[in-house]
Amino acid sequence: MRKGIFYGLSKCLIVSTFLISEILLAPPETISSPLSKGKQDQIKEIESKLSREKQKLKAFDFQEKDLLVQLADLEQKVTDARRSVNELEKTVRLDKIEMEKLQGRLTNLEQSLKNAENQVAKRLVALYKYARKGYIKVLANVRDLDQFWQRATYLRAIMEKDRNMLEELTKQKRMQEMEVSRIGEKLIAREAESNRNKTRLSSLKKDLEKQVIRLMKTHKEKEFYETAVKELQLAAKNLKQALLNIEKKDAYKILRSSRFSDSKGKLPFPLKGRIIKADKLSGSKSKLLNKGIFIEGVSDSKVKAVFPGRVDFSGRLKGYGEVIIINHGSRFFTISAHISRRKKQEGDVVERGEVIGFVKRSGPSKESRLYFEIRKAGKS
Numbered sequence: 013m014r015k016g017i018f019y020g021l022s023k024c025l026i027v028s029t030f031l032i033s034e035i036l037l038a039p040p041e042t043i044s045s046p047l048s049k050g051k052q053d054q055i056k057e058i059e060s061k062l063s064r065e066k067q068k069l070k071a072f073d074f075q076e077k078d079l080l081v082q083l084a085d086l087e088q089k090v091t092d093a094r095r096s097v098n099e100l101e102k103t104v105r106l107d108k109i110e111m112e113k114l115q116g117r118l119t120n121l122e123q124s125l126k127n128a129e130n131q132v133a134k135r136l137v138a139l140y141k142y143a144r145k146g147y148i149k150v151l152a153n154v155r156d157l158d159q160f161w162q163r164a165t166y167l168r169a170i171m172e173k174d175r176n177m178l179e180e181l182t183k184q185k186r187m188q189e190m191e192v193s194r195i196g197e198k199l200i201a202r203e204a205e206s207n208r209n210k211t212r213l214s215s216l217k218k219d220l221e222k223q224v225i226r227l228m229k230t231h232k233e234k235e236f237y238e239t240a241v242k243e244l245q246l247a248a249k250n251l252k253q254a255l256l257n258i259e260k261k262d263a264y265k266i267l268r269s270s271r272f273s274d275s276k277g278k279l280p281f282p283l284k285g286r287i288i289k290a291d292k293l294s295g296s297k298s299k300l301l302n303k304g305i306f307i308e309g310v311s312d313s314k315v316k317a318v319f320p321g322r323v324d325f326s327g328r329l330k331g332y333g334e335v336i337i338i339n340h341g342s343r344f345f346t347i348s349a350h351i352s353r354r355k356k357q358e359g360d361v362v363e364r365g366e367v368i369g370f371v372k373r374s375g376p377s378k379e380s381r382l383y384f385e386i387r388k389a390g391k392s
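Quick look at the structure:
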């Protein structure tokens, strides 16, 4: 994503560089002549580009606003999901506490039931031993029949009480086990629901992160078009001002028998070396400098004028580096860019073969590389 953003920003710089260079490179037939149709066309072209960039900026502005709405909606969903998870986790904690209490009560009931069973067992053993002595001994120990019935009733009452106690404890144990089972099932269900909500929360967070990244990318693209619009507006303003300034300058004419157009195919190279077409170079440079050539040299780093003329620009342009533009008259210009050191200044008159600057050796092959372009009336 970063690579795409930085590439977009580089395109913006390229557009602005090309437009600024057009301001400086657009040559008049004579510098004191009226505004030519070609320059009016350049202004119209810039204004057309400006209109297109404004439309793109507007589209990205709408897209950014739409993303902000979606982002707010996602943030609300994440908040709701997080609240739901927190509530479920709190409920699960309370259920676990309740389960622990129930399990404690169940343990106590089981112990009580066990104690009661032991107690009843002892009584049954005692009654069994007593019964083994025989009914005759029981009857012999009573004074009358009423006393016998009284003892028999007493024994039945004891046995009934023990039986009722055992039944009650068994009933309580069974109910406690059912309650523990119910709470356990509820706990499992809530833990499952909590896990589902956690999964949903995690998914929403991922969606939120993706939307944030989309918003950042859209915002960067919007900034790119904002910059493009501002620089196009500035380029249009500068071009109009440059045309006004050109009207105030003295005309420059080459007072020579030969003309630049007559030297077509006979011009020397500004630098000795190997010629490379700009469209064979990768990256943004090939998109900007696609009308000229690159010349690579290893032995001679001197850049020379290819035809007599006057230096109309000597300075730095973004995307081109150090640049020298020579006006050869009849609206012909030569551009020498990526110069490491300029020897001529604006206003200097140069002859054919005269050194105007130097290029430095760079890269693993230690080659000197110069960009060279010929323009006529703003066209290459």
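Under the numbering used here, the first residue of the sequence shown carries the number 13, and numbering increases by one thereafter.
Each residue gets a CB set at the ideal place from its N, CA and C atoms; glycine is no exception.
Taking the C-alpha atoms as reference points, what is the distance between residue i and residue j?
i    : j    : result
K292 : R94  : For K292, the pLDDT reaches just 49, beneath the cut-off of 50, and the residue's location in the model is therefore unreliable, although a value from the coordinates is still provided. Using only the alpha carbons, I get a separation of about 55 Å.
E180 : D174 : 10 Å
E112 : K198 : 14 Å
P353 : F370 : Residue identity differs from the one stated: residue 353 is Arg in this sequence, not Pro. Whole-angstrom Cα-Cα distance: 5 Å.
E363 : S60  : 40 Å
D158 : M190 : 47 Å
R387 : K70  : 35 Å
N302 : G365 : Note on N302: pLDDT 49, under 50, position unreliable in the model; no value is reported.
K242 : R381 : 32 Å
P282 : D73  : 48 Å
E99  : Q188 : 27 Å
K372 : K89  : 60 Å
V318 : E238 : 41 Å
Q115 : E221 : 44 Å
L216 : E101 : 18 Å
S96  : R226 : 27 Å
D156 : T182 : 40 Å
T211 : Q123 : 43 Å
F3   : K134 : Past the edges of the chain, shown from 13 to 392, lies residue 3, and the structure says nothing about it.
V81  : A204 : 32 Å
R105 : Q67  : 57 Å
S275 : Q75  : 55 Å
D85  : N120 : 52 Å
K232 : T91  : 27 Å
K229 : R271 : 53 Å
L37  : I288 : With a pLDDT of 44 at L37, under the threshold of 50, the predicted position of this residue should be treated as unreliable, and no value is reported.
E87  : G327 : 52 Å
K393 : T103 : The displayed coordinates of the chain run from 13 to 392. Any statement about residue 393 would go beyond what the structure contains.
R168 : Q184 : 24 Å
L329 : S63  : 25 Å
G277 : E65  : 40 Å
E235 : F345 : 35 Å
Residue i and residue j look like a contact to me (Cβ under 8 Å); what is the Cβ gap, rounded to whole Å?
i    : j    : result
F306 : Y383 : 6 Å
V367 : K314 : 5 Å
E308 : R343 : The pair is not a contact, with the Cβ atoms about 30 Å apart (cut-off 8 Å).
Can you tell me whether residue i is buried or exposed, with buried defined as 16 or more other CB within 10 angstroms of its CB?
i    : result
S193 : exposed
L214 : It is Ser, not Leu, that sits at residue 214 in the sequence shown. Classification for S214: exposed.
S273 : exposed
A164 : exposed
L279 : exposed
S7   : The displayed coordinates of the chain run from 13 to 392. Any statement about residue 7 would go beyond what the structure contains.
N176 : exposed
N209 : buried
K316 : buried
N339 : buried
V335 : buried
E172 : exposed
L246 : exposed
E385 : buried
Going by the CB atoms, is the gap between residue j and residue i shorter than 8 Å?
i    : j    : result
I337 : I351 : no
S323 : K284 : The question names Ser, but residue 323 is Val in the sequence shown. Not closer than 8 Å, so no.
R202 : D78  : no
G341 : G321 : yes
E396 : I195 : The requested residue 396 does not occur in the structure, where the chain is confined to residues 13 to 392.
A349 : G333 : yes
**Item:** Within the segment 303-339, ranges of the beta strand (DSSP E) (whole runs, at least 3 residues)
**Value:** 305-309, 314-316, 321-329, 333-339
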